[in-house]
Amino acid sequence: FDDCKGNNKLNFEVSNPDFKVERDGSLVALKNISEAGRALFVHARSEHAEDMAEIFIVGPNEKHGALKEIFKIEGNLGIPRQKRAILATPILIPENQRPPFPRSVGKVISSEGTEGAKFRLSGKGVDQDPKGIFRINEISGDVSVTRALDREAIANYELEVEVTDFGGKTIDGPVRLDISVIDQNDNRPMFKEGPYVGHVMEGSPTGTTVMRMTAFDADDSSTDNALLRYNILKQTPTKPSPNMFYIDPEKGDIVTVVSPVLLDRETMETPKYELVIEAKDMGGLDVGLTGTATATILIDDKNDHPPEFTKKEFQATVKEGVTGVIVNLTVGDRDDPATGAWRAVYTIINGNPGQSFEIHTNPQTNEGMLSVVKPLDYEISAFHTLLIKVENEDPLIPDIAYGPSSTATVQITVEDVNEGPVFHPNPMTVTKQENIPVGSVVLTVNATDPDTLQHQTIRYSVYKDPAGWLEINPTNGTIGTTAILDRESPYVQNNVYTALFLAIDSGNPPATGTGTLHITLEDVNDNVPSLYPTLAKVCEDAKDLRVVVLGASDKDLHPNTDPFKFELSKQSGPEKLWRITKLNNTHAQVILLQNLKKANYNIPISVTDSGKPPLTNNTELKLQVCSCKKSKMDCSATDALHISITLILLSLFSLFCKSFP
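Dropping the structure here:
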C-alpha cells in the first residue's frame, strides 16, 4: 500500500481475526492453518488514502492460475457453495468511509458471461429498507455503496444477485452475496450503570474488593476497538494516602491497597472517597478512546470504640413527690452517629431497689435521661446513689471491651417539701338513715401529716357540701349534720351523698390534703304516694262505663312503696254511682255503675303505701260527663275541651299489665 505521501498513520485491518498485518505489510497467521482454501480481506487506511485487498491462501500443491481459474476452484473461498455460473464473493466495507460516493466495493462475476443478460441485486439495503444503500452495474457486475455505513446500526447485509434477460426473466441464480461492515473505533466507552457507590468496612485487609466498574463500548467486541482497560485518574481526598485503592485494568474491580491501620474511619478527614475512573478502548493504547465515571466509596463504621462517660460522677437534686427527668448523663463515642455502634444504651446496675428511677437514651444527643418515675420521700431517704453503665446497641468487635469509663455514679439529693396531710382512709364511707335529727354526728375523720420531722398541727374545713347538710369541727375532725338528710334529694345519687373536706397543716406556706366522704342514706317512709291522672272524661251515653285506670307512685324505696291500697271515700246520696277495682300492685280502675247526666263530678279516692307505718294520700278525681255526637265530644257545659270520642276509654293512659298481688 502506498498513498504517495509517506503512508503517515498507516493502519491495517484484517477481516479474519486469525491473521494480522505488520507495519511493513507482512501478513502473519496467528493460528495454525488447518485447511487450504482461505479468502480474506485487508483494509488499509492512512492519513491521505485507503484501499482494500482480497487475498487467497492456497495449499502448497495447488497451481496459481489466473484469477478466473481460482474462482472456479470449489471451496477456495472457505464458504461452501454450489457450482454455479455466478460467483459472488463476500464483500467487506469499512464503516464511516468519506466521500466521494458512490464507491466501488466489489464485483460479481458470471462465468457464462453477460451477453444478452444483466445482473440484478436485491435484498435489505437495495430494494428493502433501508433502500438504496447498494447498487450493481447491470453489465459489469460492479457493486458500489452509495453512502457511509454504520456498523453499530447494521453490521451485516445479506443480498441476492441473479442474472436475468432483458425482459427480467431469471437466467441464473439467485446467489447469496454477504456484505460485512468492518468496525472502526468510532465509539467511546460509556459507563451506563451509575451512580456507582461502593462500601468497605474500616480496618478491612489489604486487597479487599470494594466494587466493580463496568463500561460498554458499542464497537465490535471481537476487535481492539472494544477491548477496554480501566485506570484511576484521580482520588479525592488524597489522605491518609494518595493511593488508597487500585482498579484491575481488565476486570474493573476496585480493591483496597492500604493497610487496615490506615483504613480507620475515625482518623480520616471524611469517610467518603471519590475516584475518577477512566475506561479506554484499543486495549488501553494511547490511540484509544476514553470514557470516565465517578465511583463513590464509603468507609463503613464498625464498633471499635466503646462509649465513655464524660465524667465519673454526676450530681442531681430533686424535690420529694416530683417525677420527671432530673439529670442528663453525657457520653462520648468516636463511632458513626448514624449507626448502632454509636447509639448508647444505659442501664441502672445498682441503687434502685424500689424501681423509683428509669433511664432512657435521647435519640438526638445520645445522652442518658435519668428520670424519677415513683415520687421520692424525704422522710424515708434524703440521698440516693445510682451506678449506671453504658453500652452500644451493636456489640463491640472481638478485640475491644468496655472499660471503667463506661460506668458512672449519680448522686441524688432529695429536698424536703411541705406535703399536704393525708386522710385515712380515703375515701371515707358511712351509712345513716335519712331524716336523722339535726346535730347528729356522722363521722370523725382522721388525717396525718407526712412531714413527721416538722411537728405541724392540722385543722379541718368543709370543701364541698352540695346540699349544705354538714359541718366539721376544725380541731378534732368531727362531722355533724346541720339539716335533715333527705334520700330523695337531687344531690343524692344512687342513695349516696358525697362531700369533700380539707385538712390543712401549719406550714409556711400551708399544705392541704383533700378527703372524700360517702354517706349511704337508708330510706324512711316519709313520702305519701301520689295518684295519676286526676282528670277523666266520659260520654253521657257511653256503653263502656270503665272510666279510667289510675296509677300510684312513691319516692320512697321498697318496702315503703307498693303494693298500694286504693279506696273510695264515702259517697253522698242514696245510690252508689261508681266503684274502684284494683288491677295490680300499682294500678286500679274506676267504673261507673250507671250512665250519668252531663256534668262535672268529684270522686274522692285514697291511696295508701305499704310502709310501717303506712302513709295515705286523699285525692279527688275530677270526672267530666260530656255529650257525644258524630264522633265529637262536647264538654262545653262542663268547661271541658272538645276531643275525639275515641279518647273516651282510658283517657290518655295505657293499662299497665301487672299481676294482682
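Numbering (full-length UniProt numbering), first residue to last: 1 to 661.
Just so you know, even glycine gets a beta-carbon here, dropped at the ideal spot from N, CA and C.
As the structure is a prediction and not an experimental result, all values here were calculated from the model.
From residue i to residue j, what distance separates their C-alpha atoms?
i, j, result
"Y157", "E269", "58 Å"
"Q433", "D377", "42 Å"
"E193", "L40", "38 Å"
"P613", "I436", "17 Å"
"P189", "A226", "8 Å"
"V547", "L615", "26 Å"
"P533", "F423", "51 Å"
"residue 671", "F501", "Outside the shown range of the chain, which is 1 to 661, sits residue 671, and nothing can be said about it."
"Y463", "V524", "28 Å"
"I519", "P563", "29 Å"
"H587", "N426", "46 Å"
"L577", "L593", "5 Å"
"S104", "D186", "23 Å"
"G125", "E50", "24 Å"
"residue 674", "A408", "Here the chain comprises residues numbered 1 to 661, so residue 674 is not present and cannot be evaluated."
"V143", "K107", "5 Å"
"L550", "C539", "19 Å"
"F314", "Q411", "6 Å"
"E471", "P375", "34 Å"
"L233", "T292", "9 Å"
"N366", "G403", "19 Å"
"G167", "I91", "28 Å"
"I603", "R579", "10 Å"
"V255", "N16", "37 Å"
"F383", "T448", "24 Å"
"I154", "Q235", "40 Å"
Got a sec? Which residues, its chain only, sit under 6 Å from residue i by beta carbon, not counting five neighbours each side?
i, result
"G477", "T444, V445, Y460"
"A53", "V42"
Please name the residue, chosen from the options, that lies closest to residue i on a Cα-to-Cα basis.
i, options, result
"M428", "L517, T365, D505", "L517"
"E379", "L263, G198, D394, E419", "E419"
"N560", "V197, G551, E522, T534", "E522"
"D253", "G207, D220, D281", "G207"
"K543", "K622, D217, L596", "L596"
"K20", "D224, E95, P99, K169", "D224"
"V430", "N495, K118, A401, L285", "N495"
"G513", "I388, S180, P421", "P421"
"V492", "K555, V210, G403, F1", "K555"
"N243", "G116, G340, Y273, P249", "Y273"
"P450", "D505, D465, D300, Y402", "D505"
"V210", "E250, V257, S221, F216", "V257"
"S553", "N617, V373, S569, P604", "N617"
"L531", "K622, R98, T294", "K622"
"E115", "I139, P100, G288, Q97", "I139"
"E250", "R45, Q235, A279", "A279"
Would residue i be called buried (16 or more neighbouring beta carbons within 10 Å of its own) or exposed?
i, result
"P307", "buried"
"L77", "Confidence in L77 is poor, its pLDDT being 35 and thus under 50, which makes the residue's placement too unreliable to answer from."
"Y497", "buried"
"K5", "exposed"
"E13", "buried"
"N303", "buried"
"D219", "buried"
"F245", "buried"
"M201", "exposed"
"V438", "exposed"
"N362", "exposed"
"K570", "exposed"
"H305", "buried"
For my contact list, residue i and residue j are in at a C-beta cut-off of 8 Å; report their separation, rounded to the angstrom.
i, j, result
"G203", "P260", "5 Å"
"N350", "L386", "7 Å"
"L262", "P240", "5 Å"
"E320", "D416", "6 Å"
"R151", "D183", "5 Å"
"V590", "P529", "In fact, because the Cβ distance is near 17 Å, the residues do not count as touching under 8 Å."
"V181", "L159", "About 13 Å; that fails the 8 Å criterion."
Which residues in the same chain have their Cβ closer than 8 Å to the Cβ of residue i, if we skip the five residues on either side of it in sequence?
i, result
"S371", "T323, G324, V325, I326, F357, E358, I359, H360"
"R135", "P102, L121, V126, V143, S144, T146"
"I388", "L329, Y346, T347, I348, I349, I359, G368, L370, T407, A408, T409, V410"
Whose C-beta lies closer than 7 Å to the C-beta of residue i among residues of the same chain, with five residues either side of it excluded?
i, result
"D18", "A29, L30, K31"
"L647", "Its pLDDT being 30, under 50, L647 is placed unreliably in this model, and the value from its coordinates should be taken loosely. Hits under 7 Å: none found."
"N11", "R45"
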